[in-house]
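In our numbering, the protein residues as written are 12 to 207.
Positions of the beta carbon are idealized from the N, C-alpha and C atoms, including for glycine.
Input: a single structure, listed below in structure tokens.
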């Protein structure tokens, strides 16, 4: 990491899916840059939070299922009550429940990928938006994938959701510009993490 020391001092970041993998790396990079970091995950994220705290930053773990809008709203309200705001949202929570060609795709796994990857990104963005709009400042970073731009053999549901995130982010960027809310999408390739 390095090179970003204190650029985000005083900012509060929310990272979904921050217990491990790319989300954990995002949380640690934000902390290194000076942000206090809230990690939202259905998995135990205390290790990530402890590592954030070891950098002298505040951290909070919230058990959150991004597919459950009420749980998301409750979590966002808790963060705002605890920290005063959410300045940065990293929508990283994702799943890849199926690898196989289209005729092997199970409907329930297709639906799960849509709910976690796309609807989860929507839920979290929508929940933090009023606070960012009111402050006239915010940053939303959505994690998509190269599969969203190129497709991925045997990854119909994953590729479709990641393409949806790309389009969704472009729309958020247009809507947020007048309020000082910048929205970007990141499309990484394969990452060597616990998921693969």
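- request: For the segment 127-143 and the segment 100-107, state whether three or more C-beta atom pairs, one from each stretch, are separated by less than 8 Å.
  value: yes
- prompt: If you draw a straight line from the alpha carbon of residue 79 to that of residue 138, how long is it in whole angstroms?
  reply: 11 Å
- request: For residue 188, count neighbouring C-beta atoms within 10 Å of its own C-beta (all shown protein chains included) and say buried if the count is 16 or more, exposed if not.
  value: The Cβ neighbour count for residue 188, taken over all protein chains shown within 10 Å, is under 16; the residue is labelled exposed.
- prompt: How would you label residue 110, buried or exposed, when you count the other beta carbons within 10 angstroms and need 16 or more for buried?
  reply: exposed
query: Name the DSSP bridge partner or partners of residue 23?
result: Here residue 23 is bridged, per DSSP, to 47.
message: Please classify residue 153 as buried or exposed, where buried requires at least 16 neighbouring CB atoms within 10 angstroms.
response: buried
query: Which one or two residues does DSSP pair with residue 75 in a beta bridge?
result: Residue 75 pairs with nothing; no bridge assigned.
message: Check whether the segment 160-177 and the segment 109-127 are in contact - that is, three or more C-beta pairs closer than 8 Å.
response: Short answer: they touch.
field: Helix, strand or coil at residue 110 according to DSSP, with G and I counted as helix
entry: Of the three classes helix, strand and coil, the one that applies to residue 110 here is coil, per DSSP.
message: Classify residue 19: buried if its beta carbon has 16 or more other beta carbons within 10 angstroms, exposed otherwise.
response: The Cβ neighbour count for residue 19, taken over all protein chains shown within 10 Å, is at least 16; the residue is labelled buried.
field: residue 201, DSSP secondary structure in three states
entry: coil
- prompt: Out of curiosity, what's the CA-to-CA distance linking residue 38 and residue 87?
  reply: 17 Å
- prompt: Just the Cα atoms here: how many angstroms apart are residue 178 and residue 159?
  reply: 10 Å
message: Once DSSP output is grouped into helix, strand and coil, what is the label at residue 18?
response: coil
- prompt: Since residue 151 sits in a beta bridge, which residues does DSSP pair it with?
  reply: 100 and 194
- request: Would you mind working out which of 115, 165 and 135 sits nearest residue 183, comparing C-alpha positions?
  value: 135
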